Structures are given as structure tokens and as C-alpha cells.
Amino acid sequence: MFKQPLTLLKGVGEKKAQRLKKIGLETYNDVLFDYPFRYVDRRTVKKISDITSGDVHVIEGIVVRKRTKYIAKTKKEMLILDVRSDYYTGEAVFFNAQYILSHFEEGTRYFFYGKIEKNGPNFKMMQPEYAPLSNTDFLSVVPVYNATNGITQAELIAIHRQVLSYCLNQLDETLPDSLIKLANLPSLKFALKEIHFPSSRETYKAAKRRLIYEELFFLQLRLMLLKLNYHKPNLPPFSLDQLNVYKGRLPFQLTEAQENVMKEISEDLRSGYSMNRLVQGDVGSGKTVIAFLTLLAAHENSYQSILLAPTTLLAEQHYENFVKLFPEVACCLLTSNITNSEKKRIKEQISEGNISVIIGTHAVLQEDVNFKQLGVVVTDEQHRFGIRQRLSALQKSLRPHALIMSATPIPRTLSLILYGDMDVSVIGQMPSGRKPIKTHFVGKSKQAEMYAFIQSKLTEGRQAYFVCPLIEASETMDLKSAEELYEELKLKLLPHKVGLIHGKMKATEKDEIMHQFKSGELAALVSTTVIEVGIHVANATMMVILNTERFGLSQLHQLRGRVGRGDEQSYCFLLSDKLSSTSKERVETLVNSGDGFVVAEKDLELRGPGEVFGLRQHGIPELKLANLIKHQDILTEVQKHIKTVIDEYQMGNLEFKELIQKQNNNLEKWFTL
Ligand code: ADP
Ligand code: MG
1014 MFKQPLTLLK GVGEKKAQRL KKIGLETYND VLFDYPFRYV DRRTVKKISD ITSGDVHVIE
1074 GIVVRKRTKY IAKTKKEMLI LDVRSDYYTG EAVFFNAQYI LSHFEEGTRY FFYGKIEKNG
1134 PNFKMMQPEY APLSNTDFLS VVPVYNATNG ITQAELIAIH RQVLSYCLNQ LDETLPDSLI
1194 KLANLPSLKF ALKEIHFPSS RETYKAAKRR LIYEELFFLQ LRLMLLKLNY HKPNLPPFSL
1254 DQLNVYKGRL PFQLTEAQEN VMKEISEDLR SGYSMNRLVQ GDVGSGKTVI AFLTLLAAHE
1314 NSYQSILLAP TTLLAEQHYE NFVKLFPEVA CCLLTSNITN SEKKRIKEQI SEGNISVIIG
1374 THAVLQEDVN FKQLGVVVTD EQHRFGIRQR LSALQKSLRP HALIMSATPI PRTLSLILYG
1434 DMDVSVIGQM PSGRKPIKTH FVGKSKQAEM YAFIQSKLTE GRQAYFVCPL IEASETMDLK
1494 SAEELYEELK LKLLPHKVGL IHGKMKATEK DEIMHQFKSG ELAALVSTTV IEVGIHVANA
1554 TMMVILNTER FGLSQLHQLR GRVGRGDEQS YCFLLSDKLS STSKERVETL VNSGDGFVVA
1614 EKDLELRGPG EVFGLRQHGI PELKLANLIK HQDILTEVQK HIKTVIDEYQ MGNLEFKELI
1674 QKQNNNLEKW FTL
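Counting in our numbering, the sequence shown runs from 1014 upward without gaps.
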């Protein structure tokens, strides 16, 4: 670490240091790792006769005369250089006259770099970069840095050059030698020099690969260490003899995929090590029963367990289902909707050990609930939570078994980053008898036809969801649009009854509406995205999404997953009046595919992983050069090498021991924000 302040550099006083601070540069170290965001190629000097007007190039010219011109409006002097280059005469114009005047001498030759406007035998350059002919560094590939007011690119380059020449000789290599060999990487010293001031395309590429490799390496290694740290003998092995009895009481047989996942979970529970497992399965693949069986396993072994849901509505639904299926198990619901006195009573019951299964929202974890003996924590719809919550959830007690359920399908390389600290199980199969949902795009002209179709289905006894977008910036406006639609549909869908549900309603009101919809009293439900996750009404076979253009692809897939949950054919109608080309691609993807993996891949392509997975939200530090999608090949290589590193470390390789211990000591710092 080079902690020296930038004021030690030539040309950086207090004032400039303040400006640099604004763009995050305070120490030598900051500058060293402040990579250019692009480069300009200034290697060739062009003749003006060969240049097309308006292009950007380096020329060589002699300054014939310097003159200044006062501009009344800005009260500043402008500097004009009369320049001759070959047979052309031109002007180089600068606005900061006082400052630049002294850099030029009449009768001397300089390089100029910038846009050249030609007009017959004349040319003009506004604010060009420049250097005397003696400065051969000028003719190179030049970095362009993130800039700030009051500091020129030339100054930024000088600052980076100074820092680099100071630091490079004292720099410690960050990767072990054997890894550098294994991955065929250049040294850090070489890589940093080349990323700032490339000497050729090949060396630059090698440098960039090395720096990307390193970013991904440390991120992935830390995640793997997190996983290893959890994996310590902890809870006594569970006995799972009763699990089959519970399975027999389910209204259906588990699919083969569900059975396999249960087998993996059972092995974890029996191992005496804390489970740390992610279950990935598309919407409707049947994750809830997996969660229930895991809760029951804890119950059978006299441990308490929690099931965490992302929304109150979903927690309530899980609770109802669980109690219906297993009424003899002491279970409670704990959400922010519950009155304080009731909460207090429940918490007492929990700490006395009278309650076995706790179903609630993550608010449960934030409040201090004392468990008698917590053995299992199941988190539903993981993408709403982050590593941070995972840590705090696990630190609450004696590191209980942790199971996380996610409907977001993630390519394998990425899941090792997002869930690198966990084992992963996949439910790759839907319960049988499900028909693929028919998805249609509905433009304005087709709406009447769609409504007629919906009417006929409602008359047959089916039910429908209508979803309106809710956008954070103007929530009230969009709530109104859900309300408007509700008013409209009340008449349009007569004699069928319509309900309205949105996030700003009181919990009791929401419950009442949901109840009416589930019981079939309401034929249609207008809602905002509160129904996005988990809600289950098998008789609802139609999903209408308004303003489709305002939803993300994965979100649309999640919404669509609310239908197609029974034996009846289900339909999803995507409405929009104005589709941009990306929203058109989104719609096409959905119309053509019901497969969550295909949808997720496309979503990644359209939006990138940062947005799709909310990397920040996952507690993953920002990557400077590495891109989890673009650089999947390097990531795959990194993952392979890390396996080697960890294996060798465990066999006593001293070179890796130091590396790993250093990372281990800092894990908390990396992942808790
Ligand atoms: P998700 O994975 O989206 O959470 P759920 O657990 O809500 O899916 O399951 C969707 C529906 O499928 C529920 O009604 C559930 O009871 C049903 N289901 C789950 N597993 C099976 C199965 N093996 N056979 C038939 N239906 C099942
Ligand atoms: Mg679910």
C-alpha cells in the first residue's frame, strides 16, 4: 500500500489535491489503481494534406506568432497561435491564455493533437493537446483518465507517470509465483505499467488479462474461504427417519428433481456440519415443500427453525399452507403486521422453546428474537437478500443449517460468484401435468379481442391477474393507474367481481382481498408487483401485464409464473403501446420461451449482471476491469485454479498458506459493508 498523499508530487499543491480528492484520488495507491477508461493512439504524425477535415490526429507545426484576444463576455483572454505546417497556415486556439502563453516560443516546432478543421489552405484546432518536439513520450498510446474540473488530461497523465515511476520499483507481487506460472500471467509490475501506458496491443492485452484475473481471483477466493469457514463440525447429525412419514402426508408425490434435492439436503443435515445450500428452481418448480421438509427435519430433532419470506403476503401464505398440512407442529407467524403485544407473547414462547417453526419476514431476524435452540434457517427467494444478511443470519446463533431458495436461474460460473460460499442444488423439472403457459403480445388493436377471451374464461370459472407497473420515482402516480384500471375493469368485466391490491394498503385489507381471490369470490385481481413473488392460486390461469415496457425481463418471467400452476391451460398477455427495441426483444424472449434459464441468459445479455443480480446488494465489491459476463472464460479459469490452490493449501503447501491466511483474516471486512 502506498499511502503517500498526492501533494508530494511535483505540480500538485493543496488546491489540486482537493480537486483530485473529488474523483477519489488521495494517495499514490489510488492513482496507481486508477485505470484509464480509454486510450488515444498518438503514435503517428500526419501531414495535413493527408487529413480529412474534422478528424483527430497529431500534426507537427511551427509557431509563427503568439497573440492574445480579450473576450468581453467571459472577461478572459484567449490565446491564438499562428501555426505553419507544410504549406498550410492555421490557428491553434486556447481559452486559458495566461496559463498556456508561457508554454510556447515563437519560431519553435511543436506537436499538436486534436480535431483539425480544414478550409482550403487554412486549418484550425481548438484547445489541442501539445508538446515540444523533444517530448517523444507524446507520440505514444496515451491513456484517458476519469477527469475533473480544473485538471487537464495532460496533468492527470503527468500525475500517473510520477506515481508509477515511484511505485513500480517497490511494488509487491500479489499473486503467488506458481499461480502466475500456472495461469501464464505477466507480473503485477508489468501489468500496471502497461495498463496505464501500453507499449503494444499484445502487451496491453496481457496486462489487462492479468488484472482481470486478479480481481476475479480474489473475489472468488474470498467467497470460497467463506464457504470453507462455515464448513466446520457444528450441529449434531440430524436423524431423518420421520421425513418419509411427512412426505407421505403431502397431497402429491415429489418429482424426481425434488427427491434429488431432498437427498442432498438430507446428507447435509446428517453430516454434523452446518449446511450452507442454495436451491435453485424456476417459478412453480415446487421449492416450498423442500423448505417445509427441511423445517420438519429440524422439528424432528428438537431444533427450532425459521422460514424467511421476502414479503408479508408470502410469509402469510407459507404459514397457512404449513399449518394446514402439519397442524400438530407448533408454528407461528412473525411479521411486522403483528401487534406488539402479540409479538411479545410469541417471542416469549419462542425463547421458552414452545414454538418449533417460525415463519416470517426478514424483520424477524432484525429484531432480537432469542431462540431456545435454532437449527435451521430457510430463506425464500434469495435474490432479495444479500451476503450480508446471510452472515448476520448465521451469526445469530450456533451457525444453524442454512438453506436458500431462489427462482433466478444463474449460469454456473456466475453462481459460483454470487453463491460462491454455498453448495448449489437445482430443481430442473416441473411437477408433471403442467402445460406451458401461452404468452401473447397484445397491441392496442388486439385489446378488445383479449378482453372478450378473458370474459369467456371468467365465465367458465377461471380467474385473472392484472398487473400495473409501480415505479419508485412516482409511486403515487402508478398506484393511481392501478386504481384507474380497477375502476375500469369493475364495469368492463361485469358480472364478475374485481379486486384491487397494492403495497400501500393496510395489511388487513390486503389479507382480505387475497382471501377473497383465493376463495374465488373475486374473479379478477388488479395489482401492483406485490404479487410478483410466490403467490399461489391454481385456478388463476390468466395474467395480464400492462405497460410491459416498464418491467425487466426476469421480473416479467416471475410475474408470469403466477399462472400455469394447475392442470388448466394458462395464458399470459403482455400489453404495451410503445415498445422500444429492447422491450421488443424482451417480449419476444417471453413469447418464445417459458424456460427460466433462457430468460435469465437473455436478461443478462440485455442488462448485465450488475443490474440483474444487484451485485452491490449481494455485498459484492465493485470490479474495476472485470465483467462477470464478458470475462466468463477468465472466470472459469480462475475457478479451476482456485480449486488447485485450496487443495494444495489443505495438503500443506506453504506458498498458498500465507495467501489464504491473509485473506481469511479479512473476510469480514470484504463482505460486510
Ligand atoms: P416455487 O418453486 O415457485 O416456490 P411452489 O413451491 O409454490 O413453487 O409450488 C408451486 C405449486 O406446485 C404449488 O401448488 C405446489 O403445491 C405444487 N407442487 C409442488 N411440488 C409438486 C409435485 N411434486 N407435484 C405436484 N404439484 C406440486
Ligand atoms: Mg416460492
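A virtual CB, placed ideally from N, CA and C, is assigned to each residue, including glycine.
This structure is a prediction, so every number in the text was calculated from the model and none was measured.
Buried or exposed, going by whether 16 or more other CB atoms sit within 10 Å of the CB of residue i?
{"i": "His1116", "result": "exposed"}
{"i": "Asp1254", "result": "exposed"}
{"i": "Gly1163", "result": "exposed"}
{"i": "Lys1670", "result": "exposed"}
{"i": "Asn1135", "result": "exposed"}
{"i": "Ser1594", "result": "exposed"}
{"i": "Ser1298", "result": "buried"}
{"i": "Glu1228", "result": "buried"}
{"i": "Arg1223", "result": "buried"}
{"i": "Asn1353", "result": "exposed"}
{"i": "Ala1486", "result": "The predicted position of Ala1486 is uncertain, since its pLDDT is 38 and thus under 50; a value taken from the coordinates is nonetheless stated next. Ala1486 is exposed by the Cβ-count criterion."}
{"i": "Phe1107", "result": "buried"}
{"i": "Gly1285", "result": "exposed"}
{"i": "Ile1170", "result": "buried"}
{"i": "Tyr1662", "result": "buried"}
{"i": "Ile1084", "result": "exposed"}
{"i": "Thr1521", "result": "exposed"}
{"i": "Thr1065", "result": "exposed"}
{"i": "Ser1589", "result": "buried"}
{"i": "Thr1307", "result": "buried"}
{"i": "Ile1359", "result": "buried"}
{"i": "Gly1103", "result": "buried"}
{"i": "Gln1271", "result": "buried"}
{"i": "Asn1350", "result": "buried"}
{"i": "Gly1607", "result": "buried"}
{"i": "Asn1314", "result": "buried"}
{"i": "Thr1081", "result": "exposed"}
{"i": "Ala1406", "result": "For Ala1406, the pLDDT reaches just 49, beneath the cut-off of 50, and the residue's location in the model is therefore unreliable, leaving the point undetermined."}
{"i": "Lys1003", "result": "Past the boundaries of the shown model lies residue 1003; the chain is included only from 1014 to 1686, so the question cannot be answered."}
Of the residues the options, which one's Cα is nearest the Cα of residue i?
{"i": "Glu1341", "options": "Arg1262, Ser1593, Gly1294, Ser1419", "result": "Arg1262"}
{"i": "Lys1221", "options": "Leu1234, Glu1207, Leu1229", "result": "Glu1207"}
{"i": "Asn1679", "options": "Arg1235, Ile1417, Glu1618, Lys1357", "result": "Arg1235"}
{"i": "Val965", "options": "Lys1457, Ser1153, Ala1105, Gln1663", "result": "Beyond the ends of the chain as shown, which are 1014 and 1686, falls residue 965; an answer cannot be given."}
{"i": "Thr1087", "options": "Asn1109, Thr1324, Val1157", "result": "Asn1109"}
{"i": "Thr1392", "options": "Arg1358, Ser1349, Met1288", "result": "Met1288"}
{"i": "Gly1516", "options": "His1509, Lys1503, Glu1534, Glu1496", "result": "Glu1496"}
{"i": "Asn1552", "options": "Val1292, Ser1583, Gln1031", "result": "Ser1583"}
{"i": "Leu1038", "options": "Phe1050, Pro1018, Arg1051", "result": "Pro1018"}
{"i": "Ser1191", "options": "Ala1328, Thr1657, Tyr1332", "result": "Thr1657"}
{"i": "Val1157", "options": "Glu1118, Pro1211, Gly1609, Thr1121", "result": "Pro1211"}
{"i": "Ala1310", "options": "Asn1273, Thr1348, Gln1293, Val1258", "result": "Val1258"}
{"i": "Val1651", "options": "Phe1151, Thr1040, Ala1167, Ala1196", "result": "Ala1196"}
{"i": "Asn971", "options": "Ala1536, Leu1033, Leu1320", "result": "Any question about residue 971 goes unanswered here, given that the chain covers just 1014 to 1686."}
{"i": "Asp1185", "options": "Gly1067, Ser1438, Leu1205", "result": "Leu1205"}
{"i": "Gln1266", "options": "Pro1444, Ser1213, Lys1591, Lys1459", "result": "Pro1444"}
{"i": "Ser1494", "options": "Thr1542, Leu1592, Val1389", "result": "Thr1542"}
{"i": "Val1058", "options": "Ile1129, Leu1022, Met1091", "result": "Ile1129"}
{"i": "Glu1691", "options": "Arg1563, Val1155, His1331", "result": "Residue 1691 lies beyond the range of the chain shown here (1014 to 1686); nothing can be said about it."}
{"i": "Ala1613", "options": "Asp1281, Glu1473, Asp1295", "result": "Asp1295"}
{"i": "Cys1345", "options": "Arg1097, Val1370, Pro1249, Ile1430", "result": "Val1370"}
{"i": "Pro1249", "options": "Leu1238, Arg1412, Lys1276, Met1463", "result": "Arg1412"}
Hey, residue i and residue j are a contact pair by Cβ (cut 8 Å); roughly how many whole angstroms apart?
{"i": "Val1480", "j": "Phe1586", "result": "That belief does not hold up - the Cβ atoms of Val1480 and Phe1586 are roughly 10 Å apart, past 8 Å."}
{"i": "Thr1187", "j": "Leu1201", "result": "6 Å"}
{"i": "Leu1146", "j": "Tyr1123", "result": "7 Å"}
{"i": "Met1418", "j": "Ala1304", "result": "6 Å"}
{"i": "Lys1180", "j": "Leu1045", "result": "The question names Lys, yet the displayed sequence has Cys at residue 1180. Contact flag correct, Cβ pair sits at about 5 Å."}
{"i": "Arg1578", "j": "His1549", "result": "6 Å"}
{"i": "Ala1465", "j": "Leu1506", "result": "With 8 Å as the limit, Ala1465 and Leu1506 do not qualify as a contact, their Cβ atoms being about 11 Å apart."}
Tell me, please, which residues DSSP counts as bridged to residue i.
{"i": "Pro1508", "result": "The partner list for Pro1508 (beta bridge, DSSP) is empty, contrary to what the question assumes."}
{"i": "Met1139", "result": "Val1106"}
{"i": "Gln1476", "result": "Ala1553"}
{"i": "Phe1124", "result": "Glu1073, Ala1144"}
{"i": "Val1370", "result": "Ser1318, Cys1344"}
{"i": "Cys1585", "result": "Thr1452, Met1556"}
Sorry if obvious, but does the Cβ on residue i come closer than 7 Å to a heavy atom of the ligand NAD?
{"i": "Pro1444", "result": "Absence of the ligand NAD is noted for the structure shown, with the ligand ADP and the ligand MG being the only ligands found."}
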